[in-house]
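>
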Amino acid sequence: MALDQIPNTSKEIRFNIKKNIGSAQIKLGHYQDAATTFEDIMEGNPDFQSGFNLIICYYAIGEHEKMRRGLKAEIRERQKKASEFILTAAKLCAPALDKKDWLAGYNWVIDAMKADHEPIASEMYDDDD
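Residue numbers for the sequence shown follow UniProt numbering, so the first one is 1 and each next one is one higher.
1) What are the uninterrupted segments assigned as beta strand (DSSP E) that are 3 or more residues long and contained completely in the UniProt repeat "TPR" (15 to 48), given in chain order?
2) Please state whether DSSP places aspartate 129 in a helix, a strand or coil.
3) Can you tell me whether lysine 100 is helix, strand or coil according to DSSP?
4) Compare the beta carbon distance of isoleucine 110 and alanine 96 with 8 Å and say whether it is the shorter of the two.
5) If you reduce the DSSP assignment to three classes, tell me which class glutamate 63 lands in.
6) Helix or strand or just coil, what does DSSP make of alanine 115?
7) Please work out which residues of its chain come closer than 8 Å, Cβ to Cβ, to tryptophan 108, disregarding the five sequence neighbours upstream and downstream, and give them in chain order.
8) Helix, strand or coil for serine 10? Go by DSSP, reduced to three states.
9) Comparing C-alpha positions only, which one of Lys19, Met67, Tyr59, His117 sits nearest to asparagine 45?
10) Assuming glycine 51 and alanine 73 are in contact, meaning their beta carbons sit under 8 Å apart, how far apart are those beta carbons, in whole angstroms?
11) State whether the region 57 to 74 contacts the region 31 to 41, with contact taken as three or more CB pairs (one from each stretch) at a distance under 8 Å.
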């Protein structure tokens, strides 16, 4: 198998090959095998598409509880990723919004985020990043 030929140092390539294998298993209707493949991917190198494919496999084989857990994990991961992008954009924009008073820029960003993104707005105060 091609996967056996890939050295362990090429982790990303190995997981891309596994994604292709999992997709082929889905197309062949081998949902249990595909679920096992995508579970392995999600443990080692998770991504949105593989998470979605895993949920599809669980649906096809009737694993409702795993499907429920997978969907919750997918939602959490997407929210986390979205929060990271929003926070990075906010920290990038804030000091540039008011050239004369950088603090005013931060305050504007924080106020703008408070309504819908209170947890992210509070992270603007962290200087760990």
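Positions of the beta carbon are idealized from the N, C-alpha and C atoms, including for glycine.
Considering the structure as presented:
1) none
2) Against the sequence shown, residue 129 aligns to sequence position 129. Residue placement at aspartate 129 cannot be trusted, given a pLDDT of 47 that sits under 50; the coordinates are not used to answer.
3) Stepping through the sequence shown from its first residue, residue 100 is reached at position 100. Lysine 100: coil per DSSP, three-state reduction.
4) Taking the sequence shown and counting its residues from 1, the one referred to as residue 110 is at position 110. Taking the sequence shown and counting its residues from 1, the one referred to as residue 96 is at position 96. Not in contact: isoleucine 110 and alanine 96 (Cβ atoms no closer than 8 Å).
5) Within the sequence shown, the letter at position 63 stands for residue 63. Coil, per DSSP.
6) Within the sequence shown, residue 115 is the residue found at index 115, counting from 1. DSSP places alanine 115 in coil when its eight states are reduced to three.
7) Along the sequence shown, one-based indexing puts residue 108 at 108. Taken in chain order, the residues that qualify are Ala94, Leu97, Asp98.
8) Within the sequence shown, the letter at position 10 stands for residue 10. DSSP places serine 10 in coil when its eight states are reduced to three.
9) Taking the first residue of the sequence shown as 1, we reach residue 45 at position 45. It is Lys19 whose Cα lies nearest to the Cα of asparagine 45.
10) If you number the sequence shown from 1, residue 51 lands on position 51. If you number the sequence shown from 1, residue 73 lands on position 73. About 7 Å; that satisfies the 8 Å criterion.
11) yes
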